[in-house]
Every structure is written in C-alpha cells, then in structure tokens.
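> Numbering (this note's numbering), first residue to last: 1 to 597.
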Amino acid sequence: MRQKKESAKKTPSEQRHRTPQSALPQFAPPNGATSKQQLSAVIKSARDIMRKDAGLNGDLDRLPQLSWILFLKSYDDLELRRETEAILNGAIYKSVIPVGYRWRDWAADENKGRTGEELLDFVNNDLLRKLRALDDSDEQRVIAQLFAETNNRMLSGFLLRDIVNLVAKINFNSSDDIHTLSHLYESMLKEMRDAAGDSGEFYTPRPVVRFMVERVAPQLGERVLDPACGTGGFLVEAYNYLAAQQHTAQDRETLQTRSIFGVEKKPMPFLLGMMNLLLHGIERPNVRRDNALKNPLREIGDAERYAVIVTNPPFGGEEEKGIQENFPSSTRTAETAILFMQFIMRSLKQGGRGAVVVPNGTLFGDGVTARVKEQLLTEFNLHTIVRLPNGVFAPYTSIPTNLLFFAKTEPTQEIWYYELPLPAGKKNYTKTQPLQFEEFAACAEWWDTRVENERAWKFDFRAAYVQARADAKPFWDAAQQAEANARNLARRAKEIDDALNELKKGNGAPKEKSATLSAQRDELRAQENAEWASAREQQQKGDAIYWAIFNLDLKNPNRVDDYEHMPPEQLAADILEKEKRIAEIMGEIRELLGGSN
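1. Return the CA-CA distance between Ala355 and Gly273, expressed in angstroms with no decimal places.
2. Using DSSP with H/G/I as helix, E/B as strand and the rest coil, what is Glu335?
3. Among Leu66, Asp61, Leu60, which residue has its Cα nearest to the Cα of Ile43?
4. Any chance the stretch 281 to 292 sits against the stretch 368 to 385, with 3 or more Cβ pairs inside 8 Å?
5. Between the alpha carbons of Thr498 and Leu382, how many angstroms are there, rounded?
6. Using 10 angstroms around the beta-carbon of Asn31, count the other beta-carbons present and answer buried if the total reaches 16, otherwise exposed.
7. At which residues does the beta strand (DSSP E) containing Val263 begin and terminate?
8. From Glu588 to Glu579, what distance separates their C-alpha atoms?
9. Count the other C-beta atoms from every protein chain shown that fall within 10 angstroms of the C-beta of Ala486, then say buried if there are 16 or more, exposed otherwise.
10. In the DSSP assignment, what are the bridge partners of Gly354?
11. Assuming the contact rule is C-beta atoms closer than 8 Å, Gln539 and Ala490 should be a hit. Round their C-beta distance to whole Å, please.
12. Could you give the distance in angstroms between the alpha-carbon of Pro510 and the alpha-carbon of Leu524?
13. Touching or not, the stretch 346 to 362 and the stretch 387 to 404, by the rule of three or more beta carbon pairs under 8 Å?
14. Name, in chain order, the residues that DSSP records as bridge partners for Val386.
15. With DSSP collapsed to three states, give me the class of Lys458.
16. At which residues does the beta strand (DSSP E) containing Arg289 begin and terminate?
17. Could you spell out the range, first to last residue, of the alpha helix (DSSP H) harbouring Asp61?
18. Quick one: measure Cβ to Cβ for Phe380 and Thr333, integer angstroms, because I've assumed they're closer than 8 Å.
19. Considering only their Cβ atoms, is the gap separating Asn173 from Asp77 smaller than 8 Å?
20. State the beta-bridge partners of Asn276 as determined by DSSP.
21. Check the C-beta distance from Ala535 over to Ala472 and give it rounded, since I have them as a contact under 8 Å.
22. Straight-line CA distance for Gln145 to Lys169?
23. If contact is defined by three or more beta carbon pairs under 8 Å, each pair taking one atom from either stretch, is the stretch 241 to 254 in contact with the stretch 209 to 218?
24. Kindly give me the distance between the Cβ atoms of Thr331 and Gln342, rounded to whole angstroms, as I take these residues to be in contact under 8 Å.
25. Considering just the uninterrupted stretch of the alpha helix (DSSP H) at Leu160, what are its terminal residues?
26. Comparing alpha-carbon positions, which option in Leu134, Ser518, Leu420, Met268 lies nearest Leu500?
27. Can you tell me whether Pro20 is buried or exposed, with buried defined as 16 or more other CB within 10 angstroms of its CB?
28. Counting pairs of beta carbons, one from the stretch 105 to 119 and one from the stretch 252 to 264, are three or more of them closer than 8 Å?
29. When DSSP labels each residue in this structure, what does Glu318 get in the three-state scheme?
30. Just to confirm my understanding: we take Arg161, look at its own chain, exclude 5 residues before and 5 after, and list those with CB closer than 6 Å. What are they?
31. Just the C-alpha distance for Gly88 and Met50, rounded to the nearest angstrom, thanks.
32. To the nearest angstrom, how far is it from the Cα of Arg210 to the Cα of Ala484?
33. Using beta-carbon positions only, say whether Ala148 and Arg132 come within less than 8 Å of one another.
34. Could you check which residue in Gly232, Ala548, Glu237, Ser95 has the C-alpha nearest to that of Thr369?
35. How many angstroms separate the CA atom of Asp138 from the CA atom of Lys94?
36. Taking the alpha-carbon positions, what's the Gly598 to Ser398 distance?
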C-alpha cells in the first residue's frame, strides 16, 4: 500500500530535528575535488544527522542506510562519465538506472527537490521498488540484487533530505575523493564490526588480508574469487594488487570485467561490499548475492574454476540439510567451514592457488574433517601453514586461527609452518591495539628462503604418509582376512541352515541329526561374529595409525618457551601471581561446596 503523499510542511518535531542548512559543512562545487577534511566532515555530519532519526538504532542501521545513498550517487556519477565517453565516441548511452530514478532526477537539486513526506513516499514506494524490479541486463540484475532487501529506515523525510544534500556534494568522478572516501568507508566498516559484537562477521583484519593476497600473488588475466566475500576486503586488496600491473586500455578492461569475482549470502554485507568495491574503483563488480554452496559440488566444471581463491569462510556456522546434500556422502557435514573447504578445492583450476583462514579445529579435526584434509593433502600441495597469534580476531572471537596456502599442482610433499609471534611485551591484541601489517615482515622475508628457525619448521608429510600406510597395512590386511573368514563362515552356516530346512520338508529327520546340525551352525555363527569383531578391531587399529597423520595441529619444535627468556624477577612474579589466582579459585570452590551442604 502506497504511503499517502503529504505536503512538505514540517512538523514541530521535524523542525527541531532537522539540521539547519547553515550548520551543514560548506563544500567545493560538485565538479571539483573536495579535501580530505571536507569529506571527513560530510561523513561525520551525515552520521550525526542519522543519530537524530528514530528509525535508526546504532551503526548497524546507520552504515547500511548511508551505503545505499552513497551507492546511488556514485553510480550516477559513473553513468554520467559513461554518457560523456559515449558522446565523445559518437554513440548513445542508455542508463542502467531508468530516467526518473537516477540520482540527478530526484536528489540533485537541494532547493527544489522532494523533501519531508513527499521524499519518503517517493523513496519507499517508487524508487526502491523500481530498483528491486530491474531485470533487462546483467548490470540491472546486480542492482536489483543489491536492493532486494535494502530498505529506507529513516522516518523523517527532512533528515533524509539533509543526508541527500550532503552526499550530493561528493564528487565520485574525482579520484582523490574516491580514494579518501574509500579509506573513510573502511574505517566505518571496522566500526561496524566493533558494534556488531558476536555477530560481527563483516571484517577480516586488513593486515591479514593484505598478507594473504601478496602471498598468492594474483596476475593480471587470472580470475580471483572470494566465495564468502562479506564486505569485499579480499577482493579490494586483490584489485589493488592487480591494478599495479595494468599498462594499457586492454589491461584495464581485463581488470574491470574479468578479474575479480565474489559471492555473498547475506544482504547487509553484500550491500556494504558492493559499495566498498565501487569506492575502490571496481566499476562493474562481478559479485552476486547467493550461497556459494547451493549447487551440487559435482556440477562445478572448468568454466566455474578460478586461478586464485582467497577467503575467510564463516567460523562455527552450520548449513541446512538441502545444502549438505550437495556434497559427497563421505564428506557431508553441517559445518560451514568444512563445506567451503571442499568448494574451494573443487573450484580451483589446475595450477591454481588458494589461501584460506581456518580455525584450529580444522587442523586437528577428525571424521569428515580428516577426510577433507586427506583430499587436500593427496591432491593439492599444502605448502604453508601460518599460525596466527591468539587474539588476532579478539574480542569478537577467541578461536585460534591459521592461514592455509596451497596449490593445485601435485600431492603435498612437505608442509612448512610459520608461527607468527605476538610483539615483544604484548600479551594480547585489543580493538585499540590490533595486529599490524609490519608484524608479517619477518614471515614475508622468510617466505622465499624456507630456512628453519625459531618460528619456522618443516613437516615431511609425504614420508609420514608413506610410513603411516605401511604401519597400518598389517592391521588393514588382518581386517580384510577376518572379513573374508567371516563371510566364509556365514556361507557354511547358511548351507547348514538350508540342509535343516530340507530336512524339515521331508518326513522328519532324527532329532539327533537336527540337533547336531544346529549345534554346528551355531558354532559357525559364533565364529563368524568373532571374525567380524576382529575385523572391526584390526580396521580401527589401522585407521588410528593412518588418520593420525592428518592432525595438522603440530607444535613448534624449535620454539624456546617465553619463560626461558624472562628475567628471574619477572618469572618469580608470574609464578606468585598464578599461585595467588589458584588460591582464589580454590577459595571459591570451597564456598560453593560449603553452600551446597
């Protein structure tokens, strides 16, 4: 039902909350670049205005609201640039966003444009509905995806007009403006992660992202995928890495249209990610809103494979039954991270490289997790595991994390581990003191030399694999022999059963003969059961030896424990502190036990 259009007359409440035009920052003309300070001011002012609107509750509401408004302005600037290029080339350009719904058509004139209830009515009932229904081209369908679950949450049309007027001052055709705004936007994404708390899946620390992208080193002409791209951090970093390699117009076309690909399931990260990519210069993001796991794994063919996959799949998530059934029965699980690992392996082209953030549980996990690692290690070269310090993702998750680097080239021969330490004197990371990119410098320098040191060591996986199979083989052979014995005993028991049945059909055999045959059959059944039990026992013994090598949660054999480097006075103080804490805990336990009597 359409909202009733009302006059633009302001209510007393809206008059109180609307920002006076004189209080808004003054900017350079729209066709010129604004300064970093001015852009910072416009974003700050917009956020301050949104705080006055009753429909927005915190940054989790405000940033998506600002994002879709920024998107429409930036996209209109992009279309204006395309129109100009078409005119210069003697061509005609047809706008992706239809006339009447482009930014310039409804938002650009701050003096004569819609405001108040008229603006709310247009945005809620005309603009957003039109954008959701676009379906005539690939670019239109991307915009329709973007706005599929995007809503205007602002209740005041006058405050919304103030936001529109502020955003209208930003010139998205200025590379300086875009560069500055992209950094401001990244800082807002980080703030949003901070505000999200336990649900903050939007942000992987930029130093981790940059390190991973630099290690897989995508090359122009290769296709790069993040199948769980969130707000686009990995894709932006990959784009920046590739941008330095472009030298011709053809290079630019390749980078813009055939290099960067992403998938994101949730509507809010998808919106934020699209805006992030546009701000960083990706004019036609090949990002779709979807679940990358939604199709059967076996249907992924050469056309759906990529040279580079770099991602941080969701930790701890679970997928529904319908998604699980897309995977082989032997590796079927509800655990999202393990399903993504299978998707990534299937989606890498021959010679491709992968870099994936995984929790510790993936390294030591057994069952389905071990079977997935078996495929990774026997079909891919898992050449490096970087063990991140505890707390890199704190305080949002305390789960220890690792970076896996692998290539679809040959089976794994050896795995190099590198343990990234906490900086000297630091016990943990915090929101205000996070991981810095410089902390990866020693690892980056070590990367090409591969020399063992206090932080790096080598695991000869192939030798361990061959030895484990050799050690397990006698037990597996014994299990096979026991199974063969059990089947032979079952066959003999059945023959006796058949003989007994024939005897019953006749005129009746002597009871003594029937009893003898029954006893023989029962003895054979008992022996059969014993053989099956032996087969299971021998198989389990062999499996225990074999599957143990897929526990990749290996400790650093070269590390000198920190306490060996401590000065004696600090070591003594630490021991006393621990003893004090133990005494406190024991006291609490006594109180609990005393209270339960």
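Backbone N, C-alpha and C define an ideal beta-carbon position, used for all residues, glycine too.
This is what the structure gives:
1. Locating residue 355 in the sequence shown gives position 355, where the first residue counts as 1. Locating residue 273 in the sequence shown gives position 273, where the first residue counts as 1. Taking the straight line from one Cα to the other gives about 20 Å.
2. Counted from its first residue, the sequence shown places residue 335 at position 335. The three-state secondary structure of Glu335, taken from DSSP, is strand.
3. Reading the sequence shown from its first residue, position 43 is the one you call residue 43. Ile43 has its Cα closest to that of Leu66, out of Leu66, Asp61, Leu60.
4. no
5. Along the sequence shown, one-based indexing puts residue 498 at 498. Along the sequence shown, one-based indexing puts residue 382 at 382. A small correction: the amino acid at residue 498 is Asp; Thr does not occupy that position in the sequence shown. Rounded to the nearest angstrom, the two C-alpha atoms are 56 Å apart.
6. As a first step, residue 31 is located in the sequence shown; it is residue number 31 there, counting from the start. Interpretation of Asn31 is limited by its pLDDT of 46, a score under 50 that renders its predicted location unreliable; the figure taken from the coordinates is listed afterwards. When all chains shown are included, Asn31 counts as exposed.
7. If you number the sequence shown from 1, residue 263 lands on position 263. 260 to 264 is the span of the beta strand (DSSP E), which, as asked, contains Val263.
8. Position 588 of the sequence shown, counted from the start, is the residue given in the question as residue 588. Position 579 of the sequence shown, counted from the start, is the residue given in the question as residue 579. The alpha-carbon atoms of Glu588 and Glu579 are separated by roughly 14 Å.
9. The count along the sequence shown starts at 1 and reaches residue 486 at position 486. Ala486 is buried by the Cβ-count criterion.
10. By one-based count along the sequence shown, residue 354 stands at place 354. DSSP output for Gly354 lists Ile309, Phe406 as bridge partner(s).
11. Taking the first residue of the sequence shown as 1, we reach residue 539 at position 539. Taking the first residue of the sequence shown as 1, we reach residue 490 at position 490. The pair is not a contact, with the Cβ atoms about 18 Å apart (cut-off 8 Å).
12. Position 510 of the sequence shown, counted from the start, is the residue given in the question as residue 510. Position 524 of the sequence shown, counted from the start, is the residue given in the question as residue 524. Each residue's alpha carbon lies about 22 Å from the other.
13. yes
14. Taking the first residue of the sequence shown as position 1, residue 386 is located at position 386. For Val386, which the question treats as bridged, DSSP gives the partners Leu403, Tyr418.
15. For this step, residue 458 is matched to residue 458 along the sequence shown. The DSSP-derived three-state label of Lys458 is strand.
16. Stepping through the sequence shown from its first residue, residue 289 is reached at position 289. 286 to 289 is the span of the beta strand (DSSP E), which, as asked, contains Arg289.
17. On the sequence shown, residue 61 is found 61 positions in, with the first residue counted as 1. Following the DSSP letters along the chain, one finds Asp61 inside the alpha helix (DSSP H) bounded by residues 59 to 88.
18. Position 380 of the sequence shown, counting from 1, holds the residue named residue 380. Position 333 of the sequence shown, counting from 1, holds the residue named residue 333. Actually they are not in contact, since the Cβ atoms of Phe380 and Thr333 sit about 19 Å apart, beyond 8 Å.
19. Residue 77 sits at position 77 when you count from the first residue of the sequence shown. Residue 173 sits at position 173 when you count from the first residue of the sequence shown. In this structure, Asn173 lies closer than 8 Å to Asp77 by Cβ.
20. If you number the sequence shown from 1, residue 276 lands on position 276. Answer is none; Asn276 lacks a bridge partner.
21. Stepping through the sequence shown from its first residue, residue 535 is reached at position 535. Stepping through the sequence shown from its first residue, residue 472 is reached at position 472. Contact flag wrong, Cβ pair sits at about 14 Å.
22. Mapped onto the sequence shown, residue 145 falls at position 145. Mapped onto the sequence shown, residue 169 falls at position 169. When rounded, the distance between both Cα atoms is 27 Å.
23. yes
24. Locating residue 331 in the sequence shown gives position 331, where the first residue counts as 1. Locating residue 342 in the sequence shown gives position 342, where the first residue counts as 1. At roughly 6 Å, the Cβ-Cβ gap stays under 8 Å, so Thr331 and Gln342 are in contact.
25. By 1-based counting over the sequence shown, the position of residue 160 is 160. Unbroken alpha helix (DSSP H) run through Leu160: 157 to 168.
26. As a first step, residue 500 must be located in the sequence shown, where it is residue number 500. The candidate whose alpha carbon is nearest that of Leu500 is Ser518.
27. Indexing the sequence shown from 1 puts residue 20 at position 20. Low local confidence applies: a pLDDT of 46 at Pro20 is under 50, so the model's placement there is unreliable, and no value is given.
28. no
29. As a first step, residue 318 must be located in the sequence shown, where it is residue number 318. Residue state, collapsed to three classes: strand.
30. Residue numbering aside, residue 161 sits at position 161 when the sequence shown is read from its first letter. These residues qualify, in order along the chain: Thr115, Leu119.
31. Taking the first residue of the sequence shown as 1, we reach residue 88 at position 88. Taking the first residue of the sequence shown as 1, we reach residue 50 at position 50. Looking at the sequence itself, residue 88 is Leu, so the reference to Gly does not match. Distance between the alpha carbons of Leu88 and Met50: 40 Å.
32. Taking the first residue of the sequence shown as position 1, residue 210 is located at position 210. Taking the first residue of the sequence shown as position 1, residue 484 is located at position 484. Whole-angstrom Cα-Cα distance: 56 Å.
33. Mapped onto the sequence shown, residue 148 falls at position 148. Mapped onto the sequence shown, residue 132 falls at position 132. Yes; because the gap between Cβ atoms is below 8 Å, this pair is in contact.
34. As a working mapping, residue 369 is identified with position 369 in the sequence shown. The option with the nearest alpha carbon to Thr369 is Ala548.
35. For the purposes of this step, residue 138 is identified with residue 138 of the sequence shown, where counting begins at 1. For the purposes of this step, residue 94 is identified with residue 94 of the sequence shown, where counting begins at 1. If I take the Cα positions, the gap works out to 14 Å.
36. Outside the modelled stretch of the chain, which goes from 1 to 597, sits residue 598, for which no answer is possible.
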